[in-house]
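Asks: The sequence shown runs 1 to 87 under this note's numbering.
Note that CB positions come from ideal geometry on N, CA and C, so glycine has one too.
Next up is a structure, given as structure tokens.
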Amino acid sequence: MDPPSNLENLLDEVLKIDSLRRLRLSSLEPNLISDKLLSFFKHPKMCPHLHLPFQSGDDQVLETMNKKETVSLYEEIVEKARKIDPL
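See the structure below:
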């Protein structure tokens, strides 16, 4: 690809490949998961699988671990993902 790319642009291109049957994304960092990225899970070639590296359910513990994510961010991502595929 000529211009600098991101995961969303890459998915746009990869999902156009006719010979591609299935695509699975794994271990996505929460700060990289946008609404557009979640929308790709509606695509028939996408495996309905979302792995989030959830390391604690306590914001204080996450902060001690030097994680930028919060419990509410994980909850928001899961809520949005369930609207796309409730399983």
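Since I believe LEU7 is in contact with LEU32 (beta carbons under 8 Å), could you give me their beta-carbon distance rounded to a whole number of angstroms?
Replies: Your numbering for residue 32 matches position 32 in the sequence shown. Your numbering for residue 7 matches position 7 in the sequence shown. Going by Cβ atoms, the distance from LEU32 to LEU7 rounds to 7 Å, so yes, they are a contact pair.
Asks: Quick one: what's MET46 bridged to in DSSP?
Replies: Working through the sequence shown from its first residue, we reach residue 46 at position 46. For MET46, which the question treats as bridged, DSSP gives the partners LEU23.
Asks: Please name the residue in LYS45, PRO53, PRO48 whose C-alpha comes closest to that of LEU73.
Replies: As a first step, residue 73 must be located in the sequence shown, where it is residue number 73. When only C-alpha atoms are compared, the closest one is PRO53.
Asks: Whole angstroms are fine: how far does the CA of LEU10 sit from the CA of LEU37?
Replies: Taking the sequence shown and counting its residues from 1, one reaches residue 37 at position 37. Taking the sequence shown and counting its residues from 1, one reaches residue 10 at position 10. Going from the Cα of LEU37 to the Cα of LEU10 covers about 11 Å.
Asks: Check for me: the alpha helix (DSSP H) holding GLU79 runs from which residue to which?
Replies: The count along the sequence shown starts at 1 and reaches residue 79 at position 79. Counting along the chain, the alpha helix (DSSP H) containing GLU79 begins and ends at 71 to 84.
Asks: Using a Cβ-based criterion (distance less than 7 Å to any ligand heavy atom), does GLU69 qualify as near the ligand HEM?
Replies: Of the ligands one can find in the structure shown there are none, so the ligand HEM has no counterpart to examine.
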